[in-house]
Amino acid sequence: MSDYATYGVVDLEDKQRLFRLIKSLAANKALEAAAAQQQKPHALIDLDENDGDLLSDVSPALQQLSPLSNPKAVPVPLPQAQAPAAVNDDPPKIRVVVRKRPISKKERERGDDDVVDVLNKQNTVVVNEEKVKVDLTKYVERHAFKFDEALDEGVTNEAVYQLTVGPLVRTLFRNGRASCFAYGQTGSGKTYTMSPLPIRASADIFTYMAQAAHRDLNLVVSCFEIYGNKVFDLLNQRKKLNILEDGKRQVVVVGLKEFVVDDVEGVKALIEESAKQRSTSATSANSDSSRSHSIMQFALKKPPPAPAVPLRRGEEAPEPRIVGKISFIDLAGSERGADTYDNNRQTRLEGAEINKSLLALKECIRALDSDARHVPFRGSKLTAVLRDSFVGAEARTVMIANISPCSTSVEHTLNTLRYADRVKELRKDKADRTPGGVTPGDDAYYAAVARAERPEPGPAAPAADAGRYVSPPKQVHQGGIGLGGNNANIAAGGGGGGAGAGGGDDAFALAERHDELMDSILLEEENLVAFHRAKLEEDMETMRQEMALLQEVDKPGSEIDSYVEQMTQLLGIKRQGIQDLQAKLDTFKAKLKEEEMLSRTVHKIAPGPRR
Ligand SMILES: Nc1ncnc2c1ncn2[C@@H]1O[C@H](COP(=O)(O)OP(=O)(O)OP(=O)(O)O)[C@@H](O)[C@H]1O
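FYI, the numbering for the sequence shown is 1 to 611, going by UniProt numbering.
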């Protein structure tokens, strides 16, 4: 007896998509045979009662496509965007959303395949990684990841807003702090996703601000970029800015230009200006936007009440109070963090900084998620400037992981999904994942996490995957992919193999040393420049004293002994200054040299960057 379940597929892309899903779930020859029919204009897939288990595996995937009574008549639509989420009064602390971009015509023409399936209803992303066995037969390894939302290429920017930032806007009016990050490799759609969000959010913000309770608030907009470990104002001709901690241990970006904006058009104009500043730069060295993090901030500020009595001279007017704040962060291309062994030193340093900031960001979000008392925001400049977004009961974070559908990007896509997965994994099984028996939130915990994330020295791994987090080998043909399962089981990956060919403890130690050096160089670079600046100010003071001395010595009856003595002192100060600066410069140069040598040595044998 046959009890048929029939699905109609007319559009070729839909059909290929369906077959890939079915193929990836099938343990049954009949379905494999049906899949082979995909050359036909439409396909009927017959499932009978003997396919009981299979059907239960396949049906969630099939539910993505509407069953048709007459399959030949109507094309089956692609899965649509989910309905916008209702405004949630208390959005979750962390929300991790994945968005797949469409494959472009150009990518199709060059033979690239779409290897990513989004199962909207299960909020699951399935990456079909093509692999080749030792005997050269091809097979597909599948990786499934479940997130708070998985958005396919059909999802609009408006739907993305409703599922991410939209629910956070209301919280800004009750002292909320929010941040929304776009993470992903270059070209995965971060800017496409991120740039409409502030505009759309501002429309909602202005609607709230029109209400009587909020009429006294101002929307204040600023925008800056973190490039390497320097901060530049994107709304003030890319002026370099300094970061300082004020008396209340608040991190402030000194001199950042802020604009009070009255309407959405004003916000749009500032976004356009910042995008222009980001793409045109003073030096060609920093023209690549994918190597920098751009941060747009909205602060809702309440002006202070008018003083009852006029301010006295020298008395400072009270500052406006920040009621709510949201940051939109378009992160540097995640693959740039892997540039730590590039030929060019500048690229290596920038890569190290990007890697460091993305790691620190992940740790901060995890700390926020686990209500840790200690948030390691000092781990990088990026997290330092976003400190006030991470701290406090009202802090909310949305991470949008952008992925490309292309087969040629599969490794980066998997890295992005693993990163996003780890951002939120503590929520699933805090107890199980606590490394080394220490409690989330203390320093030992973070040290343990950092160690746990580092691949252990181990047997040689294939060169291409050396040190990367690769999925553990798994059964791919039997029993489906366990869509409801824990991502960690499927894809989070354990230590991916440690040092590659010729690796082992030595290679691992070298890579550790290289990491340390990179950290120290990034820090020392800032110290060196600050020291130089301070010395220059000292020199100018010495010069002023010298000039005064010269004027004095030219006067009739001046005492030459006093001139000689003071001049000797001044020369001593100058000499000491030069020696100190030279010593710092030599130490720094030695580190650069050591790093240069290490990067060449480690290049082939050591693990890649930590993720
Ligand atoms: N969801 C989408 N729908 C349609 N086109 C998209 C989508 N996402 C991205 N694109 C297109 O893909 C291309 C790359 O996107 P985008 O520039 O946003 O990537 P990116 O991750 O910001 O890259 P980079 O880090 O280099 O700045 C652009 O042409 C963009 O228009």
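Heads up, the beta-carbon is just placed ideally off N, CA and C, and yes, glycines get one too.
Since the structure is predicted, the reported quantities are computational estimates derived from the model, not experimental observations.
Tell me the rounded alpha-carbon separation between residue i and residue j.
i           : j           : result
residue 150 : residue 122 : 8 Å
residue 588 : residue 510 : 19 Å
residue 593 : residue 420 : 35 Å
residue 90  : residue 120 : 23 Å
residue 112 : residue 157 : 25 Å
residue 105 : residue 114 : 12 Å
residue 584 : residue 530 : 11 Å
residue 407 : residue 328 : 29 Å
residue 494 : residue 416 : With a pLDDT of 33 at residue 494, under the threshold of 50, the predicted position of this residue should be treated as unreliable, though the coordinate-derived value follows. About 16 Å.
residue 363 : residue 422 : 9 Å
residue 545 : residue 188 : 59 Å
residue 483 : residue 117 : Any reading at residue 483 is ruled out, since the residue's pLDDT is 33, under 50, leaving its predicted position unreliable.
residue 347 : residue 309 : 57 Å
residue 133 : residue 142 : 15 Å
residue 162 : residue 513 : 45 Å
residue 306 : residue 371 : 38 Å
residue 231 : residue 375 : 22 Å
Which residue wins for smallest C-alpha separation from residue i, given the options the options?
i           : options            : result
residue 126 : 145, 139, 313      : 145
residue 182 : 522, 350, 175, 196 : 196
residue 293 : 218, 345, 336      : 336
residue 98  : 136, 180, 338, 534 : 180
residue 391 : 368, 382, 378      : 368
residue 242 : 224, 259, 315      : 224
residue 175 : 389, 101, 574      : 389
residue 100 : 192, 296, 295, 536 : 192
residue 298 : 418, 355, 400, 203 : 203
residue 596 : 257, 138, 341      : 341
residue 257 : 560, 296, 140, 230 : 296
residue 209 : 323, 259, 222      : 323
residue 229 : 261, 139, 351, 565 : 351
residue 526 : 199, 152, 244      : 244
residue 570 : 560, 211, 542      : 542
residue 167 : 94, 578, 537       : 94
residue 154 : 108, 199, 103      : 103
residue 107 : 250, 602, 404, 227 : 404
Which class does residue i belong to by DSSP, given the choice of helix, strand or coil?
i           : result
residue 293 : strand
residue 397 : strand
residue 404 : coil
residue 484 : Bear in mind that the predicted position of residue 484 carries a pLDDT of just 32, short of 50, making it unreliable; the figure below should be weighed with that in mind. Coil at residue 484, not helix or strand.
residue 325 : strand
residue 215 : coil
residue 202 : helix
residue 59  : The predicted model places residue 59 with a pLDDT of 48, which falls under 50 and marks its position as unreliable; any figure quoted below should be read in that light. Three-state result, residue 59: helix.
residue 694 : No answer is possible for residue 694: it lies beyond the span of the chain, which begins at 1 and ends at 611.
residue 332 : coil
May I ask you to check if the CB of residue i is nearer than 8 Å to at least one heavy atom of ligand 1?
i           : result
residue 544 : no
residue 615 : Examination of residue 615 is not possible in this model, given that the chain is present from 1 through 611 alone.
residue 102 : yes
residue 158 : no
residue 290 : yes
residue 275 : no
residue 99  : yes
residue 175 : no
residue 351 : no
residue 191 : yes
residue 401 : no
residue 265 : no
residue 153 : yes
residue 420 : no
residue 184 : yes
residue 333 : yes
Under 8 Å by Cβ, that's how I've got residue i and residue j pegged, so tell me the actual separation to the nearest angstrom.
i           : j           : result
residue 178 : residue 396 : 5 Å
residue 172 : residue 300 : 6 Å
residue 424 : residue 520 : 32 Å between Cβ atoms; not a contact.
residue 201 : residue 169 : 6 Å
residue 332 : residue 380 : Incorrect: roughly 12 Å between the Cβ atoms, too far for contact.
residue 234 : residue 274 : 4 Å
residue 598 : residue 523 : Not really, about 17 Å apart at Cβ, beyond 8 Å.
residue 302 : residue 216 : 6 Å
residue 164 : residue 410 : That pair is no contact at about 25 Å.
residue 261 : residue 253 : Going by Cβ atoms, the distance from residue 261 to residue 253 rounds to 18 Å, so no, they are not a contact pair.
residue 401 : residue 96  : 7 Å
Is there at least one Cβ from chain B nearer than 9 Å to residue i's Cβ?
i           : result
residue 101 : Annotation note: the requested chain B is absent from the structure, which comprises a single protein chain.
Let me check you understand the geometry: is the CB of residue i closer than 8 Å to at least one non-hydrogen atom of ligand 2?
i           : result
residue 330 : Ligand 2 is not part of this structure, which contains only ligand 1.
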